[in-house]
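Quick mapping for you: the protein sequence lines, in order, are chains A and B. Residue numbers for the first sequence follow our numbering, so the first one is 1 and each next one is one higher. Residue numbers for the second sequence follow our numbering, so the first one is 1001 and each next one is one higher. Using N, Cα and C, we set each Cβ at its ideal position, and we do this for glycine too.
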Amino acid sequence: MAKAKTNTEDYLRMYAQMVRIRTFEDNANQLYLSAKMPGLTHMYSGEEAVAVGICEALTDDDRITSTHRGHGHCVAKGAEFKQMFCELLGKEEGYCRGKGGSMHIADQSHGNLGANAIVGGSMGIATGSALRAKLQGSDDVTVCFFGDGATAQGLWYEVMNMAALWQLPVIYACENNGYSEYTRTEEIAAGSITARAEAFGIEAHQVDGQDVLAVNGLTRKLVERARKGEGPFFIELMTYRYHGHHVGDINREYYRSKDEEKDWKENRDPIVRFRSWLVAEGIATEEEIEAMNAKIETDASEAVAYAEAAPYPDMSEVDMHVYAD
Amino acid sequence: MREITLSQAVNEAIAEEMRRDGTVFLMGEDVAEAGTPFKVLSGLVEEFGTERVIDTPISEPGFVGMAVGAAMTGARPIVDLMFGDFIYLVMDQLCNQAAKQHYMSGGKLTVPMVLRTNMGATRRSAAQHSQSLQALVAHIPGLKVAMPSSAYEAKGLMKTAIRDNNPVVIFEDKLMYQDKAPVPEEEYLIPFGEAHIKREGSDITLIATSSMVQVAEKAAEMLASEGISAEVIDPRTIVPLDEATLLDSVRKTSRAIVIDEGHQSYGVTAEIASRLNEKAFYHLDAPVLRMGAMDVPVPFSPALEDTTVPTPEGVTDNARRLCAGEMIDAA
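See below:
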């Protein structure tokens, strides 16, 4: 594994954040399967090293834009379980007062500009946030998360052009999980994805998205350079989603095999890999890791119970927040 | 009072707000040295520099999306959409992104941006540079929509729009840029949601937007010479809509024609007429009439184009017949 210059505390926090995402998703999936959650949700499980590796390289002043598969970004950017589960269940104490739900979940106070349910829809927002930083002389950086499917949206090419022309502090982070909804990426993407960014003169990198240290190490360097005005940058993170496109996408053998899923889960899981590394490096013992996992499990169960018992928004909220004062 | 053109009024409003608030900036196609094809923004880049008056590539979804992001993070962008017809290109950024961020975030995110664009046919620009698409955006909760009817309104509404904490779309009639009107030297703002009674009358109410206010005023003159007293009201913003002023007028006159340059079907005129019918039905002596642009793509030939929009003669004729108790086939 690639090594990043961080201390023990950083390593353990990265591990905990990845486990928190996986645990959050496992609970969310249970809520769906037990018909306690309204609507559908798109699971981030399998991609944890991407969100955590990147967000751990950012400060609270740095912004992100997230996607329909956004729980991972939300946790990684500093959100709490309670308000997240409340949002998932449409409760008043949710981050968006129950008005956003899974596809718009965000803890805005930590610089998350929202999960966006239009594929590629946040590319303008992220680039505009970076333009604002440049105009106002602020050194914050914006990371725009999107999937491989979103590289087919024309908006990306428009904003990359402007970001490159004006050297904006934005990092385009493409989570390439191999599937554009129910279609293999090779079937929808011609040529090379990194070459598309390079065509605009944007420095592009491809990284193993299952290796949290590799992701974090690269992102730290790029964030520092973006702060100095050397942006924009593009990163293609090679990763995998364990679930279907959404939780209801159960029978998916028509587009990918169970063997392929098994291979990624058993041989390339980002949490298992990082856990082994932590133990091998003597940063944590198996017991300490088990205790950490157990604590996170408990936190999640308590947050789920809290959210289940929490009140729905009052009916009077339905036409509140259409316009700001 | 001094008179300035609508174009100068818009320019002054933007310049004043940019001087007042360092977070206000402008972006769009050819907004800097060119000052837009209509020269509305001439001189701004000289005062504020290319950092705050930004020429963009021809990428409408891209730069409107960027304005949304800049607005969400502490700036107050004014985006210039060269022709109102291009609004179709930016519908996702405007209607899915800008309009919904505040609501979807439970009130935590705001999008204080202005999209200034234009409308208006009879400039011989054919079907893709002549449309009046205010109904499209007025339909979307979360957007405010202003339609200035003269230089005075253009300045006051623009300043209010820039200070508003919501996405505001302003439609300027591109045929009115050189029209002059009295505009005070001293600062003023026009609040949103306050209609202006341009002319008082007692027999019929003419509710008109943007350049249709001039059409209605001319019609009211003609009607006066026939002994019919028409009241002319300019809503100034269609979202929010000053329903109370419109209803008070219609309860008084008992008749109304609603005139707007958007297509008549499913349009602004239909919405206003419907509200009057629902809320002032028992005060009405005649059906509320809609007068919008014909439901055809705007034709190029002057011989055809001029027949597609409401005219003072058409309004006068309809008003006369309504007052005489005739039923009119509204098409």
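Would you report the Cα separation of residue i and residue j, rounded to the nearest angstrom?
i, j, result
"threonine 1056/B", "leucine 155/A", "14 Å"
"arginine 196/A", "glycine 1022/B", "35 Å"
"valine 1145/B", "phenylalanine 1171/B", "8 Å"
"glycine 149/A", "lysine 1252/B", "59 Å"
"alanine 305/A", "methionine 37/A", "13 Å"
"proline 1037/B", "aspartate 1030/B", "8 Å"
"leucine 1041/B", "leucine 1175/B", "16 Å"
"phenylalanine 274/A", "valine 50/A", "13 Å"
"glycine 178/A", "alanine 214/A", "19 Å"
"glycine 101/A", "alanine 28/A", "12 Å"
"lysine 1039/B", "glycine 1325/B", "47 Å"
"arginine 184/A", "aspartate 259/A", "16 Å"
"threonine 219/A", "leucine 237/A", "11 Å"
"arginine 1076/B", "proline 1191/B", "18 Å"
"valine 207/A", "phenylalanine 234/A", "11 Å"
"alanine 1135/B", "phenylalanine 1048/B", "34 Å"
"tyrosine 1188/B", "glycine 1084/B", "27 Å"
"alanine 173/A", "methionine 1158/B", "37 Å"
"glutamate 1012/B", "isoleucine 1004/B", "10 Å"
"glutamate 175/A", "histidine 104/A", "18 Å"
"arginine 1124/B", "methionine 1091/B", "25 Å"
"alanine 1032/B", "arginine 132/A", "18 Å"
Answer with buried or exposed for residue i, where buried requires no fewer than 16 other C-beta atoms within 10 angstroms of its C-beta.
i, result
"aspartate 1173/B", "buried"
"isoleucine 250/A", "exposed"
"lysine 82/A", "buried"
"glutamate 1231/B", "buried"
"leucine 1246/B", "buried"
"tyrosine 1088/B", "exposed"
"leucine 63/A", "The sequence shown places arginine at residue 63/A, rather than the leucine named in the question. By the neighbour-count rule (16 or more Cβ atoms within 10 Å), arginine 63/A is buried."
"isoleucine 54/A", "buried"
"glycine 1227/B", "exposed"
"arginine 1019/B", "exposed"
"serine 276/A", "exposed"
"phenylalanine 1086/B", "buried"
"methionine 1147/B", "buried"
"serine 316/A", "exposed"
"glutamine 1214/B", "buried"
"asparagine 216/A", "buried"
From the DSSP output, in three-state form, read off residue i for me.
i, result
"aspartate 296/A", "What sits at residue 296/A in the sequence shown is isoleucine, not aspartate. In this structure, isoleucine 296/A counts as helix in the three-state DSSP scheme."
"valine 141/A", "coil"
"tyrosine 240/A", "coil"
"arginine 1255/B", "coil"
"phenylalanine 1300/B", "coil"
"valine 119/A", "coil"
"lysine 77/A", "coil"
"serine 1082/B", "Reading off the sequence shown, one finds methionine at residue 1082/B, where the question assumed serine. It is coil, neither helix nor strand."
"serine 129/A", "helix"
"alanine 310/A", "coil"
"glycine 1106/B", "coil"
"valine 279/A", "helix"
Any beta carbon from chain D within less than 8 Å of residue i's own beta carbon?
i, result
"asparagine 177/A", "You won't find chain D in this structure, because its protein chains are A and B."
Among the options, whose alpha-carbon lies nearest the alpha-carbon of residue i?
i, options, result
"glycine 137/A", "Val1064/B, Glu1051/B, Gly1262/B", "Glu1051/B"
"glutamate 326/A", "Val322/A, Tyr323/A, Leu278/A", "In the structure as shown, chain A starts at 1 and stops at 325, and residue 326/A therefore has no counterpart that could be examined."
"glutamate 230/A", "Val247/A, Gly100/A, Arg132/A, Gly201/A", "Gly201/A"
"proline 311/A", "Glu93/A, Arg13/A, Glu287/A, Asp60/A", "Glu93/A"
"glutamate 266/A", "His245/A, Gln210/A, Arg252/A", "Gln210/A"
"aspartate 1060/B", "Ala1075/B, Val1045/B, Gly1074/B, Met1027/B", "For clarity, residue 1060/B is glutamate in the given sequence; the question names aspartate instead. Here the closest residue by C-alpha is Met1027/B."
"glutamate 181/A", "Ala79/A, Gly217/A, Glu287/A, Met43/A", "Met43/A"
"lysine 77/A", "Ala57/A, Ala133/A, Thr239/A", "Ala57/A"
"glycine 1201/B", "Glu1221/B, Ile1078/B, Val1111/B, Gln1008/B", "Glu1221/B"
"lysine 1108/B", "Cys96/A, Ala294/A, Ala307/A", "Cys96/A"
"serine 1225/B", "Thr1316/B, Phe1025/B, Arg1124/B, Thr1073/B", "Thr1316/B"
"serine 1409/B", "Glu1186/B, His1196/B, Asp1092/B", "Look at the range of chain B in this structure, 1001 to 1331, and you will see that residue 1409/B is not part of it."
"histidine 243/A", "Arg20/A, Tyr15/A, Arg69/A, Gly114/A", "Arg69/A"
"methionine 1212/B", "Glu1194/B, Pro1235/B, Asp1203/B, Ile1204/B", "Pro1235/B"
"arginine 13/A", "Asp61/A, Ala284/A, Ala324/A", "Ala284/A"
"isoleucine 1078/B", "Ala1015/B, His1102/B, Ala1216/B, Ala1270/B", "Ala1015/B"
- Query: Looking at chain A, which residues of the stretch 1148-1179 of chain B have a Cβ within less than 9 Å of any of its Cβ atoms?
  - Reply: Asp1164, Asn1165, Asn1166
- Message: Using a Cβ-Cβ cutoff of 7 Å, what residues of the stretch 156-186 of chain A are near chain B? List them in chain order.
- Response: Legend: CB atoms of the stretch 156-186 of chain A lying less than 7 Å from CB atoms of chain B belong to residues Glu158, Val159, Asn161, Met162.
- Which residues, in chain order, does the stretch 1278-1304 of chain B contribute to contact with chain A at a C-beta distance below 7 Å? none
- Query: When Cβ atoms are compared, which residues of the stretch 1088-1107 of chain B fall closer than 7 Å to chain A?
  - Reply: Asp1092, Gln1093, Asn1096, Gln1097, Gln1101, His1102, Tyr1103, Met1104, Ser1105, Gly1106, Gly1107
- Message: What are the residues in the stretch 1058-1070 of chain B lying within 8 Å of chain A by C-beta distance?
- Response: Ser1059, Pro1061, Gly1062, Phe1063, Val1064, Gly1065, Met1066, Ala1067, Val1068, Gly1069, Ala1070
- Task: Taking a Cβ distance cut-off of 7 Å, strictly less, list which residues of the stretch 1116-1141 of chain B are near chain A, in chain order.
- Result: Pro1141
- Quick one, which residues of the stretch 73-90 of chain A are near chain B if we go by CB-CB under 9 Å, in chain order? Cβ contacts with chain B: Glu87.
- Note down, in chain order, all residues in the stretch 14-47 of chain A with a beta-carbon under 9 Å from any beta-carbon belonging to chain B. none
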